[in-house]
Every structure is written in structure tokens, then in C-alpha cells.
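Numbering (our numbering), first residue to last: 151 to 258.
Every residue gets a Cβ at the ideal spot worked out from N, C-alpha and C, and that includes glycine.
Treat the numbers as computed from the prediction; the structure is a model and nothing was measured.
Report on one structure; see the data block that follows.
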Amino acid sequence: MSNVADVSDSSFEQDVLNSDTPVLIDFWAEWCGPCKAIAPVVEELAGEYEGKIKVVKMNVDHNPETPAKYGIRGIPNLILFKQGTVAQQIVGAAPKPQIAKAIDSVLT
């Protein structure tokens, strides 16, 4: 069972900006090889940080508004939101320790 929920342009404000806990959002697309490569890492981190952060993903092809609003030009693109604002951003297929370090910095 996946700990990673899908969000859309219409649910972004409720699911991400209004979240009581920090949110890691993975901007991805079906055709993106590096996105598929980091998906298992994002899933693992969702399990490891369950209860501390919410992990969601957004397909940029199906939801063009939010990526445009946040200047997403390359994917995969991971953004950590805390209290509705961008706290950390990682562009590209980063290794698990780098993503975990970013999460930890937002939780402290």
C-alpha cells in the first residue's frame, strides 16, 4: 500500500498549503525516466517519515497550473512545504540521503 497520495491543481491548496504537517511534493510525469527512478525512494521516505510529513505527487502533464506557479521547469522536482511556504526544493533525481537531509531540516 502506498503512503504517497496524488494531488491535483484543484486539491493542491487543501492538501499541501493548508496542511498541518510539512508536505513533500514530487512533481513528475509518466514519460520521465528519472522520475520513475526516484519514485521508490520517495515511497520509502513516505513510510519512514509517516506521521511526521505528508508525501504527495503531482503529474505535471495533467496539472499544469501548480507547476507553472512554482516555476517547475525540470522534473523530477521535489518541494518541501512548511506552513504553506516553500522550505526546500530539490531538482533532479537526488539520492535518498540528500532528500532525507532536506526533510530533516524542515522538521527541526
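Considering only the beta carbon of each residue, do residue i and residue j sit closer than 8 Å?
i: proline 184; j: glycine 221; result: no
i: asparagine 153; j: alanine 196; result: yes
i: valine 236; j: proline 172; result: no
i: tryptophan 178; j: isoleucine 249; result: no
i: isoleucine 253; j: tyrosine 199; result: yes
Once the 5 residues before and after residue i are set aside, which same chain residues still bring their CB inside 7 Å of it?
i: glutamate 215; result: Asp159
i: valine 166; result: Val157, Val173, Ile175, Val206 and Phe231
How far does the alpha helix (DSSP H) with residue i in it extend, from its first residue to its last?
i: threonine 258; result: Looking at the DSSP string, threonine 258 is not in any alpha helix (DSSP H), and its letter there is neither H nor E.
i: leucine 195; result: 183-198
i: lysine 219; result: 215-219
Exposed or buried, which one is residue i when buried takes at least 16 other CB atoms within 10 Å?
i: aspartate 176; result: buried
i: tryptophan 181; result: exposed
i: lysine 251; result: exposed
Among the residues of its own chain, which have a CB less than 8 Å from the CB of residue i, if the five just before and after it don't count?
i: aspartate 156; result: Val206, Lys207, Met208 and Asn209
At the 8 Å Cβ level, is residue i part of the contact set with chain B, yes or no?
i: cysteine 182; result: No chain B is present in this structure, which holds just one protein chain.
Output the distance between the C-alpha atoms of residue i and residue j, rounded to the nearest integer angstrom.
i: lysine 262; j: lysine 219; result: Only positions 151 to 258 of the chain appear in this structure, which leaves residue 262 out of reach.
i: lysine 246; j: valine 191; result: 6 Å
Grab the span of the beta strand (DSSP E) containing residue i for me, first residue to last.
i: glutamine 179; result: One point to set straight first is that residue 179 is alanine, not glutamine, in the sequence displayed. Unbroken run through alanine 179: none, as it is neither H nor E.
i: aspartate 288; result: One cannot answer for residue 288 here, as it falls past the ends of the chain, which runs 151 to 258.
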